[in-house]
Amino acid sequence: MGEPGTGVRQSVPAELSSFIGRERELSRTATLLATARLVTLAGPAGIGKTRLAVRTVRTLGRSRGTDVVWADMVGVPRGGGAALERALVRRLDGREALLVLDGCEQLGAEAGPLVSALLVRLPRLRILATSQRAVGPAGEALLAVPPLSVPPSAAPDAAPGPALPSAASVAEVAGYEAVRLYEVRARGADPSFELTERNAGAVAALCRALDGIPGALELAAGRAHRHTPAEALRLLTADPLEFLAGGAGRAGGADALRTCSLAPPDERLLWDRLSVFAGSFDRDAVVEVCGFAPLGPRRAAEALERITPALLEDAAHPGRHRLPLSVRALAARRLSLAPDGDGATVARRHRERCRATAERAARLWRSGAQREARALAVAELPELRAAMDPLAPAGPGGALEIAVPLWFLWSPCGLVTEGRRHLERALALHPAPRPARALWLAAWLVASSGEAESADPLLVEAWTAAVQEGEDACVAYLAYLRGLVALWRDRPWEAAAEFREALELLPAEPEFGPGPEALRAALTMALAHTDPASVPVEDGPPDGPVDLWARSWTGYAHALVQRREGRPAVARAELLRALEIQLLLGDRLGQALSAELLAELEADAGCYEESARLLGAVAGTRPASACLPRAERVLRARMDPAAFRTAFAEGARTPLRALLPKH
Numbered sequence: 268m269g270e271p272g273t274g275v276r277q278s279v280p281a282e283l284s285s286f287i288g289r290e291r292e293l294s295r296t297a298t299l300l301a302t303a304r305l306v307t308l309a310g311p312a313g314i315g316k317t318r319l320a321v322r323t324v325r326t327l328g329r330s331r332g333t334d335v336v337w338a339d340m341v342g343v344p345r346g347g348g349a350a351l352e353r354a355l356v357r358r359l360d361g362r363e364a365l366l367v368l369d370g371c372e373q374l375g376a377e378a379g380p381l382v383s384a385l386l387v388r389l390p391r392l393r394i395l396a397t398s399q400r401a402v403g404p405a406g407e408a409l410l411a412v413p414p415l416s417v418p419p420s421a422a423p424d425a426a427p428g429p430a431l432p433s434a435a436s437v438a439e440v441a442g443y444e445a446v447r448l449y450e451v452r453a454r455g456a457d458p459s460f461e462l463t464e465r466n467a468g469a470v471a472a473l474c475r476a477l478d479g480i481p482g483a484l485e486l487a488a489g490r491a492h493r494h495t496p497a498e499a500l501r502l503l504t505a506d507p508l509e510f511l512a513g514g515a516g517r518a519g520g521a522d523a524l525r526t527c528s529l530a531p532p533d534e535r536l537l538w539d540r541l542s543v544f545a546g547s548f549d550r551d552a553v554v555e556v557c558g559f560a561p562l563g564p565r566r567a568a569e570a571l572e573r574i575t576p577a578l579l580e581d582a583a584h585p586g587r588h589r590l591p592l593s594v595r596a597l598a599a600r601r602l603s604l605a606p607d608g609d610g611a612t613v614a615r616r617h618r619e620r621c622r623a624t625a626e627r628a629a630r631l632w633r634s635g636a637q638r639e640a641r642a643l644a645v646a647e648l649p650e651l652r653a654a655m656d657p658l659a660p661a662g663p664g665g666a667l668e669i670a671v672p673l674w675f676l677w678s679p680c681g682l683v684t685e686g687r688r689h690l691e692r693a694l695a696l697h698p699a700p701r702p703a704r705a706l707w708l709a710a711w712l713v714a715s716s717g718e719a720e721s722a723d724p725l726l727v728e729a730w731t732a733a734v735q736e737g738e739d740a741c742v743a744y745l746a747y748l749r750g751l752v753a754l755w756r757d758r759p760w761e762a763a764a765e766f767r768e769a770l771e772l773l774p775a776e777p778e779f780g781p782g783p784e785a786l787r788a789a790l791t792m793a794l795a796h797t798d799p800a801s802v803p804v805e806d807g808p809p810d811g812p813v814d815l816w817a818r819s820w821t822g823y824a825h826a827l828v829q830r831r832e833g834r835p836a837v838a839r840a841e842l843l844r845a846l847e848i849q850l851l852l853g854d855r856l857g858q859a860l861s862a863e864l865l866a867e868l869e870a871d872a873g874c875y876e877e878s879a880r881l882l883g884a885v886a887g888t889r890p891a892s893a894c895l896p897r898a899e900r901v902l903r904a905r906m907d908p909a910a911f912r913t914a915f916a917e918g919a920r921t922p923l924r925a926l927l928p929k930h
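268 is the number of the first residue of the sequence shown in the numbering used here; add one for each residue after it.
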């Protein structure tokens, strides 16, 4: 029997649901309880802290006969910490027991003093607490409860949160914990539910959108009799709060709302301001964006440290965290209603930080730190995407201020389709005259998408704008782009002339776009076709910063020459070095052309199936306007058609790296 108003009861709650995953956390919790008097299971609402506590004490009860008392903090009234302390001391005095304090965040600032007092007054007591924040006393063993595992996105740089489903098979997704939980719960709501090839992609996307949080997954799965996974994903994307509002308890937003209402003012304000981040953030970002009056930089950092256990860790970027979807949606609504324009100020500071980040990444690229530039842009990509919204207060001009410095992310690093979308949206809303740099970049991305003819109007407008603006670098880049298109169309003499013009016009240190070494690499590619004897031979490493991207294209050009001069082993080595850089940076066009040349070498050696597999691996990434690969023409003439199709299809299913021969 429990005591009125205390939430204390002798019995452990019944199992809340089937226990999927968590074996590692279960073992760690039991181990910590053997040595520490206070163990806190920490994590955001719905993550499964209570479930893990139930399973832990049941396991300990069976194996060690542990005496357990359970206290649910939701049943404790505000300011009821003192009454709860008296009730617990009266009940546990003299007993060797394990006390579970479930939901300590509901006590607010009273939780720490309560736990400290109990540990002092009851020396034979151990405490297992669940909380969205650290309880605080010295000696506390904090165990972060992670989300369930979710299938990775088909796009590795995709932002977390709702997204359109991509194709996936049952075999690819069925083993992930979040999918298993959704499947079990959906079958409970709709006995006819099955995970199939038709819905596997939508289930995977829904699990990712819900952050792998069990409470949210169970809420979504409980509606399987009303909504297919794809329909649920659309509803969640359209209005997360409306979709999640059906959960009256911790599965929905009620627990997060109660936590915010009990938190100190600094933490409540920080929760709301953090909703401006579309993805993950680190301490510096929070201080820069959220640290302004009445919550200054120091207080913002301190509040972040206190609420970190209630955030989700970004596994791909250590030291970064993000808000669960339900919490972010709730906080964003509160921020939009904040007085004194607080929301507008946060949004402006966030956008300014994104602009500075894009420029910093561009400087890193120009300085030769290209891996670091790509890593920075990818880590901040969810924020950069949000800041490139041309409908935001900064308008299309503000969106282009971020999109143009990121030119390297869109083309050399392989995000051509996304970059094109950002440029075209902003340019469509930009009043005339439109900026030359943005027009050149849009034309480059359109041409790189295989639509060279569609780029012509942009090229004409960009040239006029560049002349009027005095943008010599932009005029040079337009010649460079014309040369690339000519090269793809197998007109190397025309390409060489364009590249020479581009090099003459390009300033020694351009403020944006590819550097001189990249243009020289393009000229080298053209010369490899038209005048191999004039291709410069590299004599040791170059002086100054190394443009890795340009070096990969130079290596490709040298491989062309070596193959023509009958040195296939040297050509192969050059190509493999180029491909290592192209795979590192994500240069999909470079990978396609290098792999196609490697396929020619394999065909020359009579390794037809290996050649066909290489062609299949890059078939979807080469420009549609480019000529048919020479290797494909050779293979179709020399291979049985069925054998070619089989090998080509096998390559299409295999990552390129797995098909590369060893050095």
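Glycine is no exception: its CB is placed at the ideal position from the N, C-alpha and C atoms.
Alpha-carbon spacing of alanine 518 relative to valine 341, whole angstroms: For alanine 518, the predicted structure reports a pLDDT of 46, less than 50, and the residue's modelled location is therefore unreliable. A value from the coordinates is still provided. Whole-angstrom Cα-Cα distance: 15 Å.
Cβ contact check for the stretch 867 to 882 and the stretch 832 to 839: 3 or more pairs under 8 Å: Inter-segment contact for the stretch 867 to 882 and the stretch 832 to 839 is present: three or more beta-carbon pairs are separated by less than 8 Å.
C-alpha distance - leucine 392 paired with valine 335, whole-angstrom precision: Distance from the CA atom of leucine 392 to the CA atom of valine 335, rounded to whole angstroms, is 10 Å.
Collapsed DSSP secondary structure at threonine 397 in the structure displayed: It is a strand residue.
Span of the beta strand (DSSP E) around valine 367: Secondary structure note for valine 367: its beta strand (DSSP E) is the uninterrupted segment 364 to 369.
Host alpha helix (DSSP H) of aspartate 609 (start-end): Start and end: 609 to 633.
Limits of the beta strand (DSSP E) - the one that aspartate 339 falls within: For aspartate 339, the uninterrupted beta strand (DSSP E) segment begins and ends at 335 to 339.
Coarse secondary structure for histidine 825, derived from DSSP in three states: Residue state, collapsed to three classes: helix.
Residue range of the beta strand (DSSP E) that includes alanine 408: Note, alanine 408: beta strand (DSSP E), 408 to 411.
Stretch-stretch touch, CB-based, cutoff 8 Å, three pairs: the stretch 566 to 580 with the stretch 595 to 607: As far as the Cβ criterion goes, the stretch 566 to 580 does not touch the stretch 595 to 607, which means the pair count is below three.
Rounded straight-line distance, which links the Cα of tryptophan 707 to that of glutamate 691: Whole-angstrom Cα-Cα distance: 12 Å.
Ordered list of alpha helix (DSSP H) runs contained in the stretch 811 to 896, each at least 4 residues: You should have 815 to 831, 835 to 852, 855 to 871, 875 to 884.
Integer Cβ distance of leucine 486 from leucine 448, believed to fall under 8 Å: With a Cβ gap of about 11 Å, leucine 486 and leucine 448 do not count as contacting.
Close-in-space but distant-in-sequence residues of the same chain around arginine 454 (CB under 7 Å, 5 per side omitted): For arginine 454, the CB contacts under 7 Å within the same chain, skipping 5 residues up- and downstream, are Phe460 in chain order.
Assigned secondary structure, phenylalanine 675 (DSSP; H/G/I helix, E/B strand, else coil): Collapsing the DSSP output to three states places phenylalanine 675 in a helix.
Cα-Cα separation between alanine 916 and proline 922, rounded to whole angstroms: Taken atom to atom, the span from the alpha-carbon of alanine 916 to that of proline 922 is near 12 Å.
Inter-residue Cα distance where the pair is glycine 887 and alanine 467: Roughly 23 Å between the two C-alpha positions.
Among Met792, Ala583, Ala567, nearest to serine 547 - alpha-carbon criterion: Of the listed residues, the one whose Cα sits closest to serine 547 is Ala583.
Assigned secondary structure, proline 271 (DSSP; H/G/I helix, E/B strand, else coil): Caution is warranted here: a pLDDT of 47 is assigned to proline 271, below 50, making its placement in the model unreliable, and no coordinate value can be reported.
Any 3 or more C-beta pairs closer than 8 Å across the stretch 621 to 629 and the stretch 529 to 543: Result no; under three Cβ-Cβ pairs closer than 8 Å.
Beta-carbon contacts of arginine 839 that lie in its chain and below 8 Å, excluding the five residues immediately before and after: Contacts found: Ala826, Leu865, Leu868, Pro928.
Nearest-angstrom Cα separation, counted from glutamate 736 out to cysteine 557: When rounded, the distance between both Cα atoms is 37 Å.
Proximal residues to leucine 676 (C-beta, below 6 Å), its chain only, five neighbours per side dropped: Correct list, in chain order: Ala644, Leu682.
Sequence-distant residues of its chain with Cβ nearer than 7 Å to alanine 596 (five each side left out): Cβ neighbours of alanine 596 beyond the five flanking positions: Pro507, Leu508.
Opening and closing residue of the alpha helix (DSSP H) in which alanine 309 lies: Alanine 309 -> not in any alpha helix (DSSP H); beta strand (DSSP E) instead, spanning 305 to 309.
Coil, strand or helix - alanine 910 by DSSP: The three-state secondary structure of alanine 910, taken from DSSP, is helix.
Cβ contact (3+ pairs, closer than 8 Å) linking the stretch 778 to 790 and the stretch 734 to 752: Yes, since at least three Cβ pairs between the stretch 778 to 790 and the stretch 734 to 752 fall closer than 8 Å, the two stretches touch.
For glutamate 580, three-class secondary structure by DSSP: Here glutamate 580 carries a strand assignment [DSSP, helix/strand/coil].
Among Glu768, Ala764, Trp711, Glu784, nearest to leucine 856 - alpha-carbon criterion: Trp711 is the residue among Glu768, Ala764, Trp711, Glu784 whose C-alpha sits nearest the C-alpha of leucine 856.
Contact the stretch 496 to 506 vs the stretch 437 to 447: 3+ CB pairs below 8 Å: In short, these stretches do not touch, since the Cβ pair count stays below three.
Close beta carbons around alanine 914, own chain, < 6 Å, minus the five adjacent residues each side: Excluding sequence positions up to five before and after alanine 914, its CB lies within less than 6 Å of the CB of Glu876, Ala879, Arg880, all in the same chain and listed in chain order.
In DSSP terms, what phenylalanine 548 is bridged to: BP columns for phenylalanine 548 point to His588.
CA nearest to the CA of alanine 438, picked from Arg452, Ala456, Pro418: For the residues Arg452, Ala456, Pro418, the minimum Cα distance to alanine 438 belongs to Pro418.
Burial state of glutamate 213 (16 or more Cβ within 10 Å): The chain is shown from 268 up to 930; residue 213 falls before or after that span and cannot be answered.
Residue burial classification, tryptophan 760 (beta-carbon count within 10 angstroms, cutoff 16): Counting of Cβ neighbours within 10 angstroms places tryptophan 760 among the exposed residues, the total staying below 16.
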